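Each residue of the sequence shown is one higher than the one before, counting from 95 in my numbering. Glycine included, each C-beta is placed from N, C-alpha and C at the ideal position. Just so it is clear, the structure is predicted and the values come from calculations on it, not from any experiment. See structure below.
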Amino acid sequence: HGLTMRLILMQLHGWSVTTFHSVYNAKNCAMYVLKKNDALPGLCPYALCGEEGDLPEASIDLRLTMKDGSVRNACLRDYLSVPVPRTRHLCEVRRKLAEQHAGLAEDEIEAVDFHAGKFSKYR
């Protein structure tokens, strides 16, 4: 059921393949509640309701280029809380990474690779 739930959410919210793969399958007996809200922009008037059900969990592995030229990998938890389009909200990503990883300051991060270097051989 976890795959089906993720596919429905992907279709409703226009998730990218990367976002889809970052979302965990629902836990046993988890229930996602969609509430209709006609005030929402776009074609999907449904939003997940965390008060009446569970919310999906997501994390993504990132490759960070630091200002000193070094490269390090980091995992960003709660990836879905970053506003869409997620790759355009680097300030939010840097802030969350600094909160989640001790010793990492957001002003030290030069660039964020959302594909964690998977496509570097094609450059």
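Assigned secondary structure, residue i (DSSP; H/G/I helix, E/B strand, else coil)
i: residue 168; result: strand
i: residue 110; result: coil
i: residue 173; result: helix
i: residue 190; result: helix
i: residue 137; result: coil
i: residue 202; result: helix
Contact belief for residue i with residue j at Cβ below 8 Å, rounded distance in angstroms
i: residue 168; j: residue 195; result: 6 Å
i: residue 103; j: residue 177; result: Not a contact, Cβ separation roughly 16 Å.
i: residue 160; j: residue 186; result: That belief does not hold up - the Cβ atoms of residue 160 and residue 186 are roughly 18 Å apart, past 8 Å.
Option in the options with minimal Cα separation from residue i
i: residue 245; options: 191, 203, 158; result: Since the first residue of the chain shown is 95 and the last is 217, residue 245 is not available in this structure.
i: residue 205; options: 183, 106, 197; result: 183
i: residue 267; options: 179, 174, 170; result: Since the displayed the chain opens at 95 and closes at 217, residue 267 lies outside it and no answer follows.
i: residue 123; options: 148, 137, 162; result: 148
i: residue 164; options: 198, 126, 97; result: 198
i: residue 39; options: 193, 116, 134, 96; result: Missing from the structure shown is residue 39; the chain here goes from 95 to 217 and no further.
i: residue 212; options: 145, 156, 132; result: 156
i: residue 125; options: 96, 107, 207, 138; result: 96
Cross-strand partners of residue i (DSSP beta bridge)
i: residue 156; result: 168
i: residue 129; result: 141
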